[in-house]
Amino acid sequence: MNKTVTGCIVTYNNIATIDNALSSLFKYTEVPFRLYVVDNGSTDGTIELIEKNYPQVTLIRSGGNIGFGKGHNLIMDKLDSDYHVIINPDIIIRDDVIAKLAAFLNENEDVGMASPEIRFPDGRLQILGKRAPCLRYLIASRMRGSGEPGDVLREYAMLDCDLSKPIDIQNATGCFMFIRTELFKKLGGFDKRYFMYFEDSDLTRSVNLNHRTVYYPNATVYHEWGRESKKNFKLKLVQINSMLNYFAKWGLK
-14 MNKTVTGCIV TYNNIATIDN ALSSLFKYTE VPFRLYVVDN GSTDGTIELI
36 EKNYPQVTLI RSGGNIGFGK GHNLIMDKLD SDYHVIINPD IIIRDDVIAK
86 LAAFLNENED VGMASPEIRF PDGRLQILGK RAPCLRYLIA SRMRGSGEPG
136 DVLREYAMLD CDLSKPIDIQ NATGCFMFIR TELFKKLGGF DKRYFMYFED
186 SDLTRSVNLN HRTVYYPNAT VYHEWGRESK KNFKLKLVQI NSMLNYFAKW
236 GLK
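So, in structure tokens, the structure goes:
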């Protein structure tokens, strides 16, 4: 295939998860791959761990907590790959997911971005939105307890569709997004108006204006998914602000 891939992880005090993420990426990825880590001012030893154990990582200090999207955008002028992958610091892979996604995009030139199947580390499928966010979907997601998802959330997650094969989606989850580098750069990366949250939904909508975004279940990643906005009041306010920015840009539908 001879395609090159770059990846980026934005960290902020992620020492509890970053070691497993990096070790799995370097253990299983066999395609030509260069990984950037942008650190947003960690004080928990994240930087020191990376410097000591992962010399193959290109580590960039942002100088402060500039947010998720702006952190990823910092490396835009460094990207010269065919494909680029946005990775959360709490992601683990168990096979060469990156090669699978690169092969899929290589075989489907109209696909601009791909999203893998995402599971919890114990193997349970994560119920994540795949249709474009709207108020009733977001309310259903916020109100969901520990039980099975209701009808509205099932619709949001496209559980009413056959997800055993590739399918076009309106919303790719930002914990792992596989995109054509040229397209990512053309779009200017993530919209700077989002500090965190909804930048993934925004990027998907921008990609889908002229390309396809596809859920690709033949590649699986494992995500710890702490859902911090449900526990942290400040993050909840950040999420609400991002939601308002998203609907102001795209409308309520």
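Residue numbers (the working numbering): -14 to 238. Backbone N, C-alpha and C define an ideal beta-carbon position, used for all residues, glycine too. Values in this document were obtained by computation on a predicted structure and should not be read as measured data.
Rounded C-alpha distance that separates residue i from residue j
{"i": "Leu10", "j": "Lys85", "result": "13 Å"}
{"i": "Tyr39", "j": "Ile77", "result": "16 Å"}
{"i": "Glu15", "j": "Lys(-12)", "result": "11 Å"}
{"i": "Glu140", "j": "Asp187", "result": "19 Å"}
{"i": "Ile3", "j": "Gly108", "result": "20 Å"}
{"i": "Asn58", "j": "Gly49", "result": "14 Å"}
{"i": "Gly26", "j": "Ile32", "result": "9 Å"}
{"i": "Phe163", "j": "Val(-5)", "result": "15 Å"}
{"i": "Phe232", "j": "Glu184", "result": "12 Å"}
{"i": "Pro134", "j": "Cys146", "result": "15 Å"}
{"i": "Ile152", "j": "Arg165", "result": "18 Å"}
{"i": "Phe218", "j": "Gly54", "result": "21 Å"}
{"i": "Asn156", "j": "Cys119", "result": "11 Å"}
{"i": "Cys(-7)", "j": "Phe161", "result": "10 Å"}
{"i": "Asp176", "j": "Ser149", "result": "31 Å"}
{"i": "Gly236", "j": "Leu194", "result": "15 Å"}
{"i": "Gly174", "j": "Met128", "result": "31 Å"}
{"i": "His196", "j": "Met228", "result": "24 Å"}
{"i": "Asp95", "j": "Phe89", "result": "11 Å"}
{"i": "Val206", "j": "Lys234", "result": "30 Å"}
{"i": "Ile83", "j": "Ile71", "result": "11 Å"}
{"i": "Asp62", "j": "Lys171", "result": "11 Å"}
{"i": "Leu44", "j": "Tyr122", "result": "37 Å"}
{"i": "Pro74", "j": "Ile0", "result": "9 Å"}
Endpoints, the alpha helix (DSSP H) within which residue i is located
{"i": "Phe267", "result": "As shown, the chain starts at -14 and ends at 238. That puts residue 267 outside it, with no answer to give."}
{"i": "Gly56", "result": "Phe53 to Asn58"}
{"i": "Asp147", "result": "No alpha helix (DSSP H) contains Asp147, which DSSP labels as neither H nor E."}
{"i": "Phe89", "result": "Val82 to Glu92"}
{"i": "Ala125", "result": "Leu120 to Met128"}
{"i": "Ser186", "result": "Glu184 to Asn193"}
{"i": "Tyr141", "result": "Asp136 to Tyr141"}
Boundaries of the beta strand (DSSP E) in which residue i is found, first to last residue
{"i": "Asn248", "result": "It is not possible to answer for residue 248, since the shown part of the chain is limited to -14 through 238."}
{"i": "Ile(-6)", "result": "Val(-10) to Thr(-4)"}
Beta-bridge partners of residue i, as assigned by DSSP
{"i": "His208", "result": "Ile76"}
{"i": "Leu110", "result": "Arg104"}
{"i": "Met98", "result": "Ile164 and Thr198"}
{"i": "Ile152", "result": "Tyr200"}
{"i": "Ile71", "result": "Cys(-7) and Met162"}
Proximal residues to residue i (C-beta, below 7 Å), its chain only, five neighbours per side dropped
{"i": "Gln111", "result": "Ile103, Arg104, Phe105, His208 and Trp210"}
{"i": "Ala125", "result": "Gly135, Val137, Leu138 and Tyr141"}
{"i": "Gly178", "result": "The sequence shown places Arg at residue 178, not Gly. Around Arg178: Asn230."}
{"i": "Thr28", "result": "Asn(-2)"}
Close beta carbons around residue i, own chain, < 8 Å, minus the five adjacent residues each side
{"i": "Ile154", "result": "Ser100, Lys115, Arg116, Met143, Thr189, Thr198, Val199 and Tyr200"}
{"i": "Asp81", "result": "Tyr13, Thr14, Glu15 and Val16"}
{"i": "Pro202", "result": "Pro101, Glu102, Leu148, Ser149, Lys150 and Pro151"}
6 Å Cβ shell around residue i - same chain, five flanking residues per side excluded
{"i": "Thr(-9)", "result": "Arg19, Leu64, Ser66 and His69"}
{"i": "Val192", "result": "Gly97, Met98 and Thr198"}
{"i": "Gln24", "result": "In the sequence on display, residue 24 carries Asp and not Gln. Only Thr(-4), Ile32 and Arg46 meet the Cβ criterion."}
{"i": "Phe169", "result": "His69"}
{"i": "Gly52", "result": "Phe180 and Met181"}
Task: Complete runs of the beta strand (DSSP E) confined to the segment 1 to 64 [at least 3 residues] - done: List check, beta strand (DSSP E) in window: 18 to 24 and 43 to 46.
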